[in-house]
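Reading the sequence shown from the start, the letters are residues 21 to 306 in the numbering used here.
C-beta atoms are modelled at their ideal positions from N, C-alpha and C, and glycine is treated no differently.
Just so you know, these numbers come straight off a predicted model, no measurement behind them.
See structure below.
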Amino acid sequence: MAENTLKRLGIVYAEESNRGLTHPFFSLVLNAFKEEAEELGCEVTFINNRLVSTETGYTDYCRAGRLDAVCVVCADYSSESIRNLVYSGIPCVTIDHLFKRSPAVLSDNETGIEMLVEHAISKGHRRIAFVHGHNNSIVTRARIMQFRNVMSCHHLPIPDEYIQEGRYDDIRLTRKLVTGLLMLPERPTFILLPDDISYLGAQDAAKECAMRIPEDISFAGYDGIPLTQTLRPRLTTVRQDCDQLGKLAARRLVDLLGHPDTASRLPAILPVEFMEGGTVGNAPDV
């Protein structure tokens, strides 16, 4: 980027677990975005969400702060304030959400869910439950739909109580929901969790119900964060490429700034990696 053309990029980041920059998944994405943006000659600043309260709050904030473009990493994508920002004319890129005519970077969630469910089925599991994240994001909806698709392809039933709405990174709620599933008269033998951190709650639930992992109950997570890979048994999961999610988002945003008429606005879908651990065993005889 030429000298004296320093671009100021804003980041909207408001994940609901309130972990901020200590979040084990988004911290990696944000760091990659920041490093790539700075390498491209940009300045990066976080938008103060506490100062945004009206429907035009983010838009007004960005214009008042003379931000050239914005990356929306984690937010309430259904809010009027976010929607108005994306369609305000200020260049925006989103991570893990799609808006019409706005570039986005996502992981291949459909393939990720398929890998995990197919792995469980290959181990003989037929009673498979899904505790998913909040149902207000395109990521969650895509995962639920793919879960249903894979189960349907194998002609496996999904009792209503086998799909539970939780929250991402909520250990306590996951423990409560998993405990409920394990107390069912016909309990599942495999439970797919919303993310890796939630596995800590699932572990507690299994212990409370005197069930061994994976002999009595199997679990799989999602994200592939380093933390849960240190647990024993090691968590079976799908790894999202945090580094590429952040870097590609920065490149797409800078390209949109420099070439607004020719920059691609199609979503970029990044591949995921299946990581087999020790939390999925053969289906028990129950």
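Using 9 Å as the threshold, is the C-beta distance between residue 369 and residue 113 below it? Given a span of 21 to 306 for the chain in the structure shown, any question on residue 369 remains unanswerable.
Reducing DSSP to helix, strand and coil, say where residue 81 ends up. Taking the first residue of the sequence shown as 1, we reach residue 81 at position 61. Correct three-state label for residue 81: helix.
Through-space distance from residue 243 to residue 13, alpha-carbon basis: What the structure shows of the chain is the stretch from 21 to 306, and residue 13 is not part of that stretch, so it cannot be assessed.
Is there at least one Cβ from chain C nearer than 9 Å to residue 45's Cβ? Of the protein chains in this structure there is only one, and it is not chain C.
Name the DSSP beta bridge partners of residue 89, please? Reading the sequence shown from its first residue, position 69 is the one you call residue 89. The partner list for residue 89 (beta bridge, DSSP) reads 29.
Between the CA atoms of residue 58 and residue 24 - distance to the nearest angstrom: To locate residue 24, count along the sequence shown from 1; it is residue 4. To locate residue 58, count along the sequence shown from 1; it is residue 38. Residue confidence is low: residue 24 scores 47 on pLDDT, short of 50, so the model does not pin down where it sits. Its coordinate-derived value is still stated next. Computed Cα separation, rounded: 14 Å.
So who's on the other strand from residue 243, going by DSSP bridges? Walking along the sequence shown from the start, residue 243 turns up at place 223. Paired residues: 259.
7 Å CB neighbourhood of residue 130 in its chain, flanking five on each side removed: Counted from its first residue, the sequence shown places residue 130 at position 110. Closer than 7 Å at Cβ, skipping near neighbours: 162 and 166.
With 16 other Cβ atoms within 10 Å as the buried cut-off, status of residue 82: As a position in the sequence shown, residue 82 is number 62, starting the count at 1. Label assigned to residue 82: buried.
Counting C-beta neighbours from all protein chains within 10 Å, is the total for residue 175 16 or more, i.e. buried, or is it exposed? Within the sequence shown, the letter at position 155 stands for residue 175. Exposed, by the Cβ-count rule.
Helix, strand or coil at residue 14 [DSSP, three-state]: Nothing about residue 14 can be read from this structure; the chain reaches only from 21 to 306.
Secondary structure at residue 67, three-state DSSP: helix, strand or coil? Within the sequence shown, residue 67 is the residue found at index 47, counting from 1. Coil, per DSSP.
So residue 297 and residue 256 are in contact, right, with Cβ under 8 Å, and what is the actual spacing, rounded? Translated into positions along the sequence shown, residue 297 becomes position 277. Translated into positions along the sequence shown, residue 256 becomes position 236. Residue 297 to residue 256, Cβ: 4 Å. Contact.
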